[in-house]
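Peer 1:
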Amino acid sequence: MQKIAFSLFARGTEIAARNGLILVDTKYEFGIDDKGEILLIDEIHTPNSSRYWMKETYESRLAEGKEPENIDKEFLRLWFREHCDPYKDKILPSAPDDLVIELSHRYIRLFEMITGKEFSVDGTHSVKDRLKKNLNAYLI
1 MQKIAFSLFA RGTEIAARNG LILVDTKYEF GIDDKGEILL IDEIHTPNSS RYWMKETYES
61 RLAEGKEPEN IDKEFLRLWF REHCDPYKDK ILPSAPDDLV IELSHRYIRL FEMITGKEFS
121 VDGTHSVKDR LKKNLNAYLI
């Protein structure tokens, strides 16, 4: 499992670097099927499971004693940490709209940087229909 995780991280680091990013850290979730095969069972290298820094500004920001410029959800995580205890509080405050909008912009920007494709939404189908279509494309 360690070999698989390190291989995945190496590939993610390579793709990130090629697209102006530094893959800082991430998580992988594995399972084992009924044949004993190890399976990757969750998304990888998305801003939900990973932290990314901008390669272009990394050196200069470090030289200035600043935190690296990031393009993930860490800023939102920090906001929640300042306003509640997300691990103990039963009800969490709603994040301000401007932070939610900023998160959306970061996710879209990261998608475009990694894939080299422009982000677009198919407005002709419901989210549920799009999910079904995309998941069905990968069912065996």
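Just so you know, we're using full-length UniProt numbering here: the sequence shown kicks off at 1 and counts up by one. In this text, a Cβ means the ideal position worked out from N, Cα and C, and glycines have one as well.
1) How would you write the range of the alpha helix (DSSP H) that residue 12 sits in, first residue to last?
2) Which runs of the alpha helix (DSSP H) at least 4 residues long sit entirely within the segment 43-77? Give them in chain order.
3) Which residue from 114, 6, 121 and 78 puts its Cα closest to that of residue 16?
4) Kindly indicate which three-state DSSP category residue 124 falls into: helix, strand or coil?
5) Per DSSP, which one or two residues make a beta bridge with residue 25?
6) Within 10 angstroms of its Cβ, does residue 45 collect 16 or more other Cβ (buried), or is it exposed?
7) Cβ atoms of residue 22 and residue 55: under 8 Å apart, would you say?
8) On the DSSP bridge list, what partners appear for residue 30?
9) If you compare alpha carbons, which of 81, 4 and 94 is closest to residue 40?
10) For the alpha helix (DSSP H) containing residue 102, list its first residue and its last residue.
11) Sort 86, 106, 1 and 97 by Cα distance to residue 36 and report the nearest one.
12) DSSP three-state call for residue 80: helix, strand or coil?
13) Below 6 Å CB to CB, which residues in the same chain sit around residue 68 once its five sequence neighbours on both sides are set aside?
Peer 2: This is what the structure holds:
1) 2-18
2) 55-63
3) 114
4) coil
5) 51
6) buried
7) yes
8) 40
9) 4
10) 97-115
11) 1
12) helix
13) 53, 58 and 61
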